[in-house]
Amino acid sequence: MARFEIHGGKPLSGEIRVSGAKNAALKFLAAALLTEEEVRLRNVPEIEDIKRMVEIIRELGVQVDHPEPHQYNIRAASLKTSVLSRELAPKIRPSMLLIGPLLVRTGSATLPHPGGCAIGRRPTDLFVHGFRKLGATVEEGVDERIFRAGTLRGGRFVFPTPSVTATEALMIMAVRTSGRTELVNVAMEPEIPALAEFLNSCGAKITGGGTPIIIIEGVDRIRGGEISIMPDRIEAGSFAALAAATKSDLWIRGCNPKHLEVPLLMLEKIGVKFEVASDSIHVMPSDDLEAMNITTHEYPGFPTDLQAPFTVLLTQAKGVALVHETIFEGRLFYIEHLNKMGAKIVLSDQHRAVVEGPTPLRGSTLESPDIRAGLALVIAALAAKGKSTINNVYQIDRGYERIEERLRAISADIRRIE
Ligand code: EPU
Numbered sequence: 001m002a003r004f005e006i007h008g009g010k011p012l013s014g015e016i017r018v019s020g021a022k023n024a025a026l027k028f029l030a031a032a033l034l035t036e037e038e039v040r041l042r043n044v045p046e047i048e049d050i051k052r053m054v055e056i057i058r059e060l061g062v063q064v065d066h067p068e069p070h071q072y073n074i075r076a077a078s079l080k081t082s083v084l085s086r087e088l089a090p091k092i093r094p095s096m097l098l099i100g101p102l103l104v105r106t107g108s109a110t111l112p113h114p115g116g117c118a119i120g121r122r123p124t125d126l127f128v129h130g131f132r133k134l135g136a137t138v139e140e141g142v143d144e145r146i147f148r149a150g151t152l153r154g155g156r157f158v159f160p161t162p163s164v165t166a167t168e169a170l171m172i173m174a175v176r177t178s179g180r181t182e183l184v185n186v187a188m189e190p191e192i193p194a195l196a197e198f199l200n201s202c203g204a205k206i207t208g209g210g211t212p213i214i215i216i217e218g219v220d221r222i223r224g225g226e227i228s229i230m231p232d233r234i235e236a237g238s239f240a241a242l243a244a245a246t247k248s249d250l251w252i253r254g255c256n257p258k259h260l261e262v263p264l265l266m267l268e269k270i271g272v273k274f275e276v277a278s279d280s281i282h283v284m285p286s287d288d289l290e291a292m293n294i295t296t297h298e299y300p301g302f303p304t305d306l307q308a309p310f311t312v313l314l315t316q317a318k319g320v321a322l323v324h325e326t327i328f329e330g331r332l333f334y335i336e337h338l339n340k341m342g343a344k345i346v347l348s349d350q351h352r353a354v355v356e357g358p359t360p361l362r363g364s365t366l367e368s369p370d371i372r373a374g375l376a377l378v379i380a381a382l383a384a385k386g387k388s389t390i391n392n393v394y395q396i397d398r399g400y401e402r403i404e405e406r407l408r409a410i411s412a413d414i415r416r417i418e
């Protein structure tokens with residue numbers, strides 16, 4: 001297993017470019033199975049989760065060419081099986097997005113039961129209820145779940161709580177399900193309207209992407225198409241937290257600040273100096289940071305995926321801040337690592353942490369728990385004086401492309417040890 005060795009405590013400077021969004025690219029890869037024609041994706045991040053998804057769809061008989069970095073050409077002319085890999089599918093949750101294309105094209109989809117997850121319970125009830133509502137039948141086996149097309153037809157499904165992937169999964173299937181589907185109380189994350197827009201450019205009829213109600217008129221055929229994946233808002237927001245926590249002068253290029261309105265507002269309230277242009281954020285060294293409470297919320301609220309990087313930043317701010325993680329119950333356990341580094345954070349319960357700052361951080365040996373907390377530990381290590389070792393770098397590689405090279409380019413002292 002690879003690890004990072006980081007010597008921190010120095011400000012960074014220069015420019016860092018944001019990659020294509022993981023949580024958009026994964027969904028486009030799945031949606032490409034709706035059509036027999038070629039779908040070309042550009043600006044795809046070269047990360048481990050994308051590799052896993054490509055492996056999964058190749059096993060289904062899909063042709064995936066990778067002619068150059070960041071470009072993937074997908075042709076699902078025919079599908080040779082509708083059974084997802086027992087080994088690969090539980091590794092990434094977006095494999096659930098393949099249910100719809102498999103149902104409409106082959107009449108069934110068999111998925112291994114999802115494995116455990118580092119960020120807490122990851123229920124799948126909304127997928128089961130939603131697919132049933134659109135006419136599918138669901139059979140629970142010992143090791144797997146079998147979805148069958150039954151009499152697929154449009155329908156109305158009300159989400160008791162918005163779910164990003166379940167919204168996308170039902171939207172993708174409804175596109176090729178006859179009749180009208182109405183999805184109510186859906187997630188509104190920017191990756192969802194982007195997916196709707198792309199599918200519409202391929203012949204789908206979706207309205208309301210980015211609002212709480214999405215309406216889909218099913219069509220018989222989806223054409224191929226081409227799209228450049230939108231910038232990763234979570235990566236951009238994490239780089240802003242990195243710059244602020246290390247008192248750096250950093251230009252974050254190629255991002256869309258409109259997708260980060262609440263996190264940028266929080267930075268402003270914390271006292272971070274920055275300027276925003278249409279596709280960049282310039283963070284300047286800032287002293288006298290002030291504690292501010294953070295509550296995660298579905299988009300356009302403060303994203304749970306930025307909770308960990310911002311908690312690291314709060315260790316450098318003066319006062320007491322409450323971090324309230326409302327989306328997942330297992331997403332605060334990385335805090336023990338920050339305390340090992342000298343932070344003063346009390347975990348009140350699974351959802352709440354109280355951060356007292358400012359606390360100088362010192363280097364330590366750490367374990368990357370999941371994608372986002374993994375990057376947060378990198379940020380903490382770069383803010384800390386001395387040497388840190390971060391183990392289990394695979395978790396970071398799942399979501400961030402060549403992160404150590406890109407951080408070295410802004411003068412971070414970080415190296416990968418295989
Ligand atoms: N939920 C249910 N039942 C379900 C599905 C979800 O109760 O069937 C609950 C979850 O337990 C959670 C809430 O709904 O409390 C929201 O979860 P959601 O389904 O929206 O999360 P997700 O779609 O599994 C995506 C991102 C996550 C991100 C969340 C929240 C992808 C591939 N993943 O997950 O990203 O944290 O939305 O924004 O899009 C990451 O990139 O590291 C990551 C974890």
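Take 1 as the starting number for the sequence shown in full-length UniProt numbering and just add one per residue. C-beta atoms are modelled at their ideal positions from N, C-alpha and C, and glycine is treated no differently. Keep in mind the model is a prediction, meaning the values are calculated, not measured.
Counterpart residues of residue i in DSSP-defined beta bridges
i: residue 273; result: 284
i: residue 391; result: 367
i: residue 15; result: 251
i: residue 322; result: 354
i: residue 227; result: 41
i: residue 97; result: DSSP, once it has assigned bridges, lists no residue as partnering residue 97.
i: residue 83; result: 110
i: residue 183; result: 157, 214
i: residue 209; result: Paired residue(s): none; residue 209 is not in a bridge.
i: residue 416; result: 4
i: residue 256; result: Beta-bridge pairing links residue 256 to no other residue.
i: residue 65; result: 73
i: residue 386; result: 8
C-beta contact flag for residue i and residue j at 7 Å
i: residue 97; j: residue 22; result: no
i: residue 315; j: residue 343; result: yes
i: residue 213; j: residue 184; result: yes
i: residue 114; j: residue 90; result: yes
i: residue 317; j: residue 357; result: yes
i: residue 148; j: residue 178; result: no
i: residue 63; j: residue 75; result: yes
i: residue 172; j: residue 100; result: yes
i: residue 112; j: residue 139; result: no
i: residue 229; j: residue 25; result: yes
i: residue 18; j: residue 300; result: no
i: residue 49; j: residue 92; result: yes
i: residue 392; j: residue 367; result: yes
i: residue 410; j: residue 252; result: no
i: residue 161; j: residue 135; result: no
i: residue 5; j: residue 389; result: yes
Any non-hydrogen atom of the ligand EPU within 6 Å of residue i CB
i: residue 231; result: no
i: residue 420; result: Any answer about residue 420 is impossible in this case: the structure gives the chain only from 1 up to 418.
i: residue 304; result: yes
i: residue 163; result: yes
i: residue 145; result: no
i: residue 23; result: yes
i: residue 372; result: yes
i: residue 352; result: no
i: residue 11; result: no
i: residue 166; result: yes
i: residue 327; result: yes
i: residue 93; result: yes
Chain D contact for residue i (CB, 7 Å cutoff)
i: residue 217; result: This model lacks chain D altogether, as it is built from one protein chain only.
With 16 other Cβ atoms within 10 Å as the buried cut-off, status of residue i
i: residue 186; result: buried
i: residue 105; result: buried
i: residue 81; result: exposed
i: residue 77; result: exposed
i: residue 158; result: exposed
i: residue 110; result: buried
i: residue 156; result: exposed
i: residue 265; result: exposed
i: residue 72; result: buried
i: residue 165; result: buried
i: residue 86; result: exposed
i: residue 14; result: exposed
i: residue 400; result: buried
**Asked** Using 8 Å as the Cβ pair cut-off and three pairs as the minimum, do the stretch 267 to 278 and the stretch 33 to 42 touch?
**Response** By the C-beta criterion, the stretch 267 to 278 is judged not to be in contact with the stretch 33 to 42, since fewer than 3 inter-stretch pairs fall below 8 Å.
**Prompt:** Are three or more beta carbon pairs between the stretch 275 to 295 and the stretch 312 to 322 nearer than 8 Å?
**Reply:** Touching, yes, given that three or more Cβ pairs across the two stretches are closer than 8 Å.
**Prompt:** Can we say the stretch 231 to 244 touches the stretch 305 to 312, given the rule of at least three CB pairs closer than 8 Å?
**Reply:** Taking 8 Å as the limit for Cβ pairs, the verdict is that the stretch 305 to 312 does touch the stretch 231 to 244.
**Three CB pairs or more closer than 8 Å across the stretch 254 to 264 and the stretch 45 to 52** = Because the criterion of three Cβ pairs below 8 Å is not met, the stretch 254 to 264 and the stretch 45 to 52 do not touch.
**Sufficient close CB pairs (3 or more, under 8 Å) joining the stretch 215 to 229 to the stretch 244 to 255** = The stretch 215 to 229 vs the stretch 244 to 255: no contact.
**Asked** Contact between the stretch 371 to 385 and the stretch 400 to 415: three or more CB pairs below 8 Å?
**Response** In the pairwise beta carbon analysis, the stretch 371 to 385 is classified as touching the stretch 400 to 415: at least three pairs are separated by under 8 Å.
**Request:** Say whether the stretch 331 to 341 touches the stretch 365 to 373, bearing in mind that this needs 3 or more beta-carbon pairs closer than 8 Å, one atom from each stretch.
**Result:** Proximity of the stretch 331 to 341 to the stretch 365 to 373 meets the contact definition, three or more beta-carbon pairs being nearer than 8 Å.
**Prompt:** Counting Cβ pairs closer than 8 Å, one from the stretch 54 to 72 and one from the stretch 189 to 203, do we hit at least three?
**Reply:** Remark: fewer than three beta-carbon pairs, one from each stretch, lie closer than 8 Å, so the stretch 54 to 72 and the stretch 189 to 203 are not flagged as touching.
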